[in-house]
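This note's numbering applies: residue 4 is where the sequence shown begins, and numbers increase by one. Here the structure is laid out as structure tokens; the discussion comes afterwards.
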Amino acid sequence: MECLDLKGKTCPVPVIETKRLIESGPVELLQVIVDNSTSRENVTRFLVSRGYEVSVEEREGEFCLTAKRASGATAQKALDAKRIAVLIDGETMGRGSDQLGAVLMRSFLNTLKELDPLPWRLIFVNTGVRLTTEGSEYLSVLSEIADLGVDVVSCGTCLDFFQMKDKLRVGRVSNMYEIVSSLAEASHTLKP
Numbered sequence: 004m005e006c007l008d009l010k011g012k013t014c015p016v017p018v019i020e021t022k023r024l025i026e027s028g029p030v031e032l033l034q035v036i037v038d039n040s041t042s043r044e045n046v047t048r049f050l051v052s053r054g055y056e057v058s059v060e061e062r063e064g065e066f067c068l069t070a071k072r073a074s075g076a077t078a079q080k081a082l083d084a085k086r087i088a089v090l091i092d093g094e095t096m097g098r099g100s101d102q103l104g105a106v107l108m109r110s111f112l113n114t115l116k117e118l119d120p121l122p123w124r125l126i127f128v129n130t131g132v133r134l135t136t137e138g139s140e141y142l143s144v145l146s147e148i149a150d151l152g153v154d155v156v157s158c159g160t161c162l163d164f165f166q167m168k169d170k171l172r173v174g175r176v177s178n179m180y181e182i183v184s185s186l187a188e189a190s191h192t193l194k195p
């Protein structure tokens, strides 16, 4: 079994090191040790997206992730799923009138709920993170989308920049590695 001790490393380093390991050759079983919940969640999501089954054990503030390559059918299904990523980088849709742009953004988000298949992931960056935070007029529709199983992520650097990390109300905090990987892995990318 391969083992990575990534205690003291902050994201995206644990995901990048895990990626390097599994791409270095066939790895059927591995263990990754991290010491923060963000790294635990990000590495787990990454491994699942690569066709691994992951179990997590918490020990004295550390998380031990044990990953086993999933059976052929399960792994292939994870890799073959149609993935629609939506990148939202502002508070409004289009350029020009912000008032019209807000109406268009609401319509866009409501329409996303009707897609078949639903989007895989909604990614919020720059001022777009304001849509997922306290006081946003879009929290209700974004909560509905998240409740349908769509992964809603907001850029952690952006939330920090706007001093809004503690005001996140829908979805979870992400990092640039996951954002870029999501856009690269998506079979389709939408941007309002």
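Glycine is no exception: its CB is placed at the ideal position from the N, C-alpha and C atoms.
- Scanning Lys22, Ala105 and Lys71 for the CA closest to the CA of Met4 turns up Lys71.
- With respect to the C-alpha of Cys161, the residue from Gly152, Lys170, Val128 and Ser184 having the closest C-alpha is Val128.
- In the DSSP secondary-structure assignment, Ala88 is bridged to Arg124 and Thr192.
- Across the set Val183, Tyr180 and Asp150, the C-alpha of Asp150 shows the shortest separation from the C-alpha of Gly174.
- Counting only the Cα atoms, Gln102 lies some 19 Å from Lys194.
- With a beta-carbon spacing of about 16 Å, Lys116 and Glu140 fall beyond the 8 Å limit used to define contacts.
- With a 10 Å radius around the Cβ and a threshold of 16 neighbouring Cβ atoms, Ser42 comes out buried.
- According to DSSP, residue pairing for Phe111 in a beta bridge does not occur.
- By the neighbour-count definition (other C-beta atoms within 10 Å, threshold 16), Phe49 is a buried residue.
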